[in-house]
Amino acid sequence: MTTEQTSKSARTRQRILDAAAQVLSRKGYAGTRLTDVAEAAGVQAPAIYYYFASRDELVEEVMWAGAHRVRVHVEEVLAELDDAATPSDRILVAVDAHLRYELQISDYTTASVRNAGQVPEHLRVRPAAEEGAYSSLWRELFLTAQDAGELREGVDINVFRLLLLGSMNWAVEWWNPRTRSLDDLVHGAQDMVRFGTFARP
1 MTTEQTSKSA RTRQRILDAA AQVLSRKGYA GTRLTDVAEA AGVQAPAIYY YFASRDELVE
61 EVMWAGAHRV RVHVEEVLAE LDDAATPSDR ILVAVDAHLR YELQISDYTT ASVRNAGQVP
121 EHLRVRPAAE EGAYSSLWRE LFLTAQDAGE LREGVDINVF RLLLLGSMNW AVEWWNPRTR
181 SLDDLVHGAQ DMVRFGTFAR P
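Under our numbering, the residues of the sequence shown are numbered 1 to 201, in order.
Now the structure itself:
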């Protein structure tokens with residue numbers, strides 16, 4: 001296979017993945033059909049089997065990519081902060097980065113979050129490992145803020161971290177940009193962290 005053929009094949013595979021993420025985020029696992037994915041990708045349905053052995057393999061790849069990409073995105077945003085950013089600043093920035101990526105930037109992450117409880121258990125193994133790594137990132141953010149004395153005394157950072165991630169992920173089910181701006185949603189989530197965990201001045 002020539003370099004040009006390889007490149008074309010990679011582009012087609014990516015197009016199929018992008019289409020699957022769109023369909024999966026809208027229709028869910030049970031409602032996602034390969035014919036819908038093929039139509040969105042601009043390919044014939046049988047061509048999908050050249051790149052993915054089954055519908056479930058395609059779904060698993062989308063689910064993994066969604067979990068992986070949000071983690072990498074938040075890590076990259078945090079890495080760009082200057083040294084003046086406090087541990088609590090970093091938490092608020094991470095909240096902003098997570099919500100904007102999940103709701104505005106990535107169909108993959110929307111699909112991953114929305115279908116986490118719908119896909120069969122064997123499709124959850126690889127995505128769950130990424131989710132675990134992402135949860136650890138948030139745990140480290142809160143631990144660092146706690147060690148710096150920036151959290152109120154007695155706050156259970158493990159419980160709050162799980163509640164925060166759960167509430168942010170649930171936003172994919174109810175947020176409507178026609179009734180509430182993304183900026184307002186981000187600010188509301190940041191206030192939940194600010195008033196729920198931060199030490200009072």
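Backbone N, C-alpha and C fix where the C-beta goes; we use that ideal spot for every residue, glycine too. Bear in mind that the values here come from a model prediction, so they are computed numbers and not experimental data.
Assigned secondary structure, L81 (DSSP; H/G/I helix, E/B strand, else coil): Taking the first residue of the sequence shown as 1, we reach residue 81 at position 81. Coil, per DSSP.
CA-to-CA distance, Y134 to V159, given in whole angstroms: Position 159 of the sequence shown, counted from the first residue, corresponds to residue 159. Position 134 of the sequence shown, counted from the first residue, corresponds to residue 134. Rounded to the nearest angstrom, the two C-alpha atoms are 15 Å apart.
Three-state secondary structure assigned by DSSP to F198: Walking along the sequence shown from the start, residue 198 turns up at place 198. Correct three-state label for F198: strand.
Exposed unless 16 or more other CB atoms sit within 10 angstroms - verdict on L17: On the sequence shown, residue 17 is found 17 positions in, with the first residue counted as 1. Classification for L17: buried.
For V59 and Y101, believed in contact at Cβ under 8 Å, the rounded distance: Here residue 101 refers to the residue found at position 101 of the sequence shown. Here residue 59 refers to the residue found at position 59 of the sequence shown. That belief does not hold up - the Cβ atoms of Y101 and V59 are roughly 20 Å apart, past 8 Å.
Cross-strand partners of L151 (DSSP beta bridge): Residue 151 sits at position 151 when you count from the first residue of the sequence shown. Note: L151 sits in a beta bridge opposite F198.
R178 burial status per 10 Å Cβ neighbour count (16 or more: buried): As a position in the sequence shown, residue 178 is number 178, starting the count at 1. Exposed, by the Cβ-count rule.
First through last residue of the alpha helix (DSSP H) which encompasses S167: For the purposes of this step, residue 167 is taken as the residue at position 167 of the sequence shown. Its alpha helix (DSSP H) spans residues 157 to 174.
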